[in-house]
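Let me begin by presenting the structure, written as C-alpha cells, before commenting on it.
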Amino acid sequence: MRQRTSGILLHPTSLANLYPIGDLGPAAIGFVDFMVQSGQRWWQMLPIGPAGTDDSPYDSLSAFAGNPLLISPDRLMEQGFLNRRDTERPIAMEVGRVNYSFAARWKLPVLKKAFGYFEAKACDRKQSDLEEFTRQASYWLDDFSLFSAIQENEVVSGWTRWDQDLRTRQPDALINARKQFARDVRYHQFIQWQFSVQWNELMAYCSSQGIGLIGDIPMFVADQSADVWAHPELFKLDVDGKPTVVAGVPPDRYAKTGQLWGLPVYRWDALQEQNYKWWIERLRTAFGRFDFIRLDHFIGFVRTYEVPAQAKTALCGQYQPGGGAAFFRAVHQALGSLPLIADALGTPTPEVSVLLDQLQIPDIRVLQFEYGTQLQTNSATPVENPVNSVVYTGTHDNDTTAGWYRKLPGAQRDALQKRLGVGDQGIVWAMIRQALASQADAAVVPAQDLLELGTETRMNVPGIAKGNWSWRLREGELSAELARKLRGITILYRSGKDHPGLWHQRDNAIPEIAKRAYELYVRGGRQNGHPDQDWLSAERELQVEAKK
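Counting in the working numbering, the sequence shown runs from 24 upward without gaps.
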C-alpha cells in the first residue's frame with residue numbers, strides 16, 4: 024500500500040439497480056468505472072458473508088460463504104439460468120433503502136428458479152465447473168451446504184435446537200441428512216459456485232481497471248453459524264453447543280456497563296493444536312477474493328474480553344490471551360505475505376503496538392475521532408497520521424461526517440471551521456481533503472461523505488439492533504461532476520490513477536490541468552485553498568484558452 028493511494032468505502036448492498044438490493048452485476052461494474060473516472064485505487068467493502076437475523080454483515084452464518092443476496096440476476100440471465108420474466112422488478116421496492124426481509128423474499132425464489140434451469144439445461148462443462156468448485160472449496164463448503172440444507176428443513180431455528188445426533192455431528196446422522204437433503208445440498212453448492220463465478224468476474228474487471236479490493240474479516244463468528252456447528256472444539260461451548268463465555272468490551276467513557284456482543288470466543292489452545300488450520304483456510308479464502316483484508320477488532324488477536332454468557336452487562340468480564348505473534352507466524356508460513364490492515368481502534372495497549380510493529384501492517388485512523396479529541400481538549404496540535412496507516416473520515420460504525428459535524432457543540436463547530444478554513448457548507452469536503460492530504464499511505468472515504476449526506480444514511484449505530492446496514496445509493500448520485508471533483512482533489516493530494524499527488528510530488532512531470540490546478544491552489548493560499556474547486560477552475564480556464 025506504500026503508494027499514497029485513496030479509495031471509497033461502499034458495501035455492494037448499497038449499489039443502485041432495478042432490484043431490491045445491490046449486487047455484483049452491472050451496477051458494481053458501473054461503480055468501478057466511477058472509481059476510475061474519479062482517480063481512485065481501492066474499493067473497500069464490509070464483510071460479504073450471508074448475514075444472520077439482524078442483517079449485520081458482522082454476524083454472519085459463515086466465515087467463508089458469500090451472501091446469496093449479492094448474486095446478480097442479470098449475470099444469471101447471461102448464463103442462461105434465468106429469463107427476463109423471472110426477474111420482474113417488485114412493485115413495492117423502496118428507493119434509497121434496503122429492506123432485507125423483502126429482498127430475501129424476492130431474490131431467494133429467483134435463485135431457486137436459476138437452480139432449476141441449471142438442473143434441467145446446464146451443459147456438461149457447467150456441470151463439471153460446479154464439481155470442480157465443490158472440490159476446491161470442500162474444506163468449508165461440504166459443511167456449509169449441509170448446514171444450510173438442514174436449516175431449511177428444520178422446524179426450529181438454530182442448530183443448537185436440532186436433534187441431538189445432528190447437533191453433535193454423529194457420522195451416521197450426517198450421512199443420512201446428506202442423502203435426505205441431497206437436492207438442497209446441491210442447491211447451496213450451486214449458489215456458492217455462482218457467487219464465486221460472479222465475484223471472479225468482478226475481481227477481474229477491477230484488476231483490469233487498476234482497482235484493488237479491500238475486504239473485511241470480523242474477529243468473531245455468530246454462535247448459530249455453520250462454523251461453530253462444524254468446529255465446536257475451537258470455541259468455548261457447553262455440552263449443548265451454547266457459549267459459556269461471550270466476547271465484549273469493558274466499561275469505558277462511552278459505555279458505562281461495557282458492551283456485550285454475545286459472540287462465542289475462540290479456544291486458542293485448540294486452534295494452536297491444529298496449527299490454526301481453520302483461521303488459515305479462512306484467510307486463504309479471503310485473500311483469494313481481496314487484495315487487502317481489514318482485520319476487525321485487531322486487539323482480539325492479542326487478548327479477548329470474555330464475559331460469562333448469562334451476564335446482563337459486561338462489568339464482570341476479564342481478559343484472556345489471544346493467538347498473538349505465534350498465530351501470525353503460522354499464517355505467514357502457510358500463506359506468505361500478509362496484505363492486512365489492522366483495526367486497532369480503542370485504548371492503545373503496549374501489546375497491540377508491539378504486535379503491529381512486528382507485523383509492519385498498517386492500522387486505521389479516523390479523522391472524526393482525532394478531530395473530536397482535539398476539539399474537546401482545545402489542542403492546537405495538528406492532526407497527522409503515520410505513513411504506515413489508512414486514514415478514514417469515518418467508518419461504517421461512525422455517523423456520516425455531515426451528521427457528526429451537526430452534532431458537535433456550537434463552540435466546537437466554530438473551532439473546526441476556523442481550523443479547516445471553511446464555513447458550514449464546506450466542512451465535509453474539507454475533512455475529505457484532510458484525509459487525502461495526510462501522510463498516511465492510503466485514505467478511504469465513505470460514499471455517504473462524498474455525497475455530503477446526513478445521519479439518516481449512516482450504515483450502523485453500534486448497540487442498536489434494528490434499522491442498520493440499509494442505506495442505498497439512488498440512481499445517478501455518483502455523477503460525472505462528482506467524479507471530476509474527486510479526481511481533482513485526488514490528483515492534488517494523492518497518486519490517483521495516472522499521476523503523482525501534486526501536494527507531495529509537485530516537481531514531477533504532470534498534465535497541464537494538474538499544473539494549472541496546483542498554481543490556482545497555491546495562489547489561493549494552502550491553508551484556505553479549495554483544491555477540488557481549483558481543479559474545476561483550471562479545467563475551465565484551459566478550455567477557454569484553447570478556444571482563443
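All C-beta atoms in this analysis are idealised placements derived from N, C-alpha and C, irrespective of residue type, glycine included.
Every value quoted in this text rests on a predicted model; they were computed, and no experiment measured them.
Could you check how far apart the C-beta atoms of residue 91 and residue 218 are, in whole angstroms? I think they sit under 8 angstroms. Cβ atoms of residue 91 and residue 218 come within 8 angstroms of each other, at about 7 angstroms.
Expressed to the nearest angstrom, what Euclidean distance is found between the alpha-carbon atoms of residue 121 and residue 211? As the crow flies, the alpha-carbon of residue 121 is around 23 angstroms from that of residue 211.
For residue 365 versus residue 318, is the C-beta distance shorter than 7 angstroms? The criterion of a C-beta distance shorter than 7 angstroms is satisfied by residue 365 and residue 318.
Near residue 506, what residues of its chain come up, given a Cβ to Cβ distance below 7 angstroms and the 5 sequence neighbours on each side ignored? The beta carbon of residue 506 sits closer than 7 angstroms to those of 57, 60, 61, all from its chain and outside the five residues before and after it, given in chain order.
I want to know whether the stretch 295–313 touches the stretch 270–287 - three or more CB-CB distances under 8 angstroms. In short, these stretches do not touch, since the Cβ pair count stays below three.
Is residue 286 helix, strand or coil when you go by DSSP? Note: residue 286 maps to strand in three-state DSSP.
Determine, using beta carbons only, whether residue 132 comes closer than 7 angstroms to chain D. Of the protein chains in the structure, only one exists, and it is not chain D.
Closest by CA to residue 321, which one among 290, 467, 377, 508? Here the closest residue by C-alpha is 377.
Contacts around residue 293, its chain only, beta-carbon distance under 7 angstroms, and the 5 residues preceding and following it disregarded: Closer than 7 angstroms at the Cβ level, and outside the excluded window around residue 293, lie 256, 257.
Touch test, the stretch 243–257 against the stretch 216–231, Cβ-Cβ under 8 angstroms, three pairs minimum: Note that the stretch 243–257 does not touch the stretch 216–231; fewer than 3 beta-carbon pairs, one per stretch, sit closer than 8 angstroms.
Report the rounded CA-to-CA distance for residue 436 versus residue 515, giving the unit in angstroms. For residue 436 and residue 515, the distance between alpha carbons rounds to 27 angstroms.
When we look at the beta-carbon of residue 503 and count the other beta-carbons within 10 Å, is it buried (16 or more) or exposed? Exposed is the call here.
Do you know offhand how far residue 312's Cα is from residue 407's? CA-to-CA, the gap between residue 312 and residue 407 works out to about 32 angstroms.
Member of 184, 451, 96 whose CA lies at the smallest distance from the CA of residue 129: Selected option, being the one with the closest Cα: 96.
Is the beta carbon of residue 477 less than 7 angstroms from the beta carbon of residue 426? Contact: yes.
Can you list, in chain order, the residues of its chain whose CB lies under 6 angstroms from that of residue 167, leaving out five sequence neighbours each side? Excluding residues within five positions, the ones whose Cβ falls inside 6 angstroms are 85, 88, 249.
With which residues is residue 139 paired in a DSSP beta bridge? Within the DSSP secondary-structure output, residue 139 pairs in no beta bridge.
Given a cut-off of 7 angstroms, decide if residue 31 and residue 470 are closer than it, judged by their beta-carbon atoms. A contact, by the Cβ cut-off of 7 angstroms.
Cβ-Cβ distance between residue 428 and residue 389 below 7 angstroms: The Cβ-Cβ distance between residue 428 and residue 389 does not fall below 7 angstroms.
May I ask which residues mark the beginning and end of the beta strand (DSSP E) holding residue 388? Residue 388 -> beta strand (DSSP E) spans 386–389.
Look up residue 327 in the DSSP assignment and give the residues it is bridged to. Answer is 343.
Out of 382, 124, 368, 411, which has the shortest C-alpha to C-alpha gap to residue 393? Ranking the options by Cα distance to residue 393, first place goes to 368.
For residue 409, does the three-state DSSP call read helix, strand or coil? In this structure, residue 409 counts as coil in the three-state DSSP scheme.
So what's residue 57 in DSSP terms, helix, strand or just coil? Helix, per DSSP.
If you follow the alpha helix (DSSP H) that residue 104 is part of, which residue opens it and which one closes it? Note, residue 104: premise wrong, no alpha helix (DSSP H); not H, not E.
Identify whether residue 238 lies in helix, strand or coil by the three-state DSSP scheme. In the structure shown, residue 238 sits in a strand (DSSP, three-state: E or B).
Using CA atoms only, rank isn't needed, just tell me which of 143, 239, 441 is closest to residue 362. For the residues 143, 239, 441, the minimum Cα distance to residue 362 belongs to 239.
Express the C-alpha separation of residue 419 and residue 484 in angstroms, rounding to a whole number. Between residue 484 and residue 419, the C-alpha separation is close to 9 angstroms.
I'd like to confirm the pairing. Which residues does DSSP put opposite residue 415 in its beta bridges? Partner(s): 389, 467.
Less than 7 angstroms between the beta carbons of residue 201 and residue 517, yes or no? 7 angstroms or more divides the Cβ of residue 201 from the Cβ of residue 517.
Please report the Cβ distance between residue 246 and residue 287, rounded to the nearest whole angstrom; I am assuming they are in contact, meaning their Cβ atoms lie under 8 angstroms. Rounded to the nearest angstrom, the Cβ distance from residue 246 to residue 287 is 5 angstroms, consistent with a contact under 8 angstroms.
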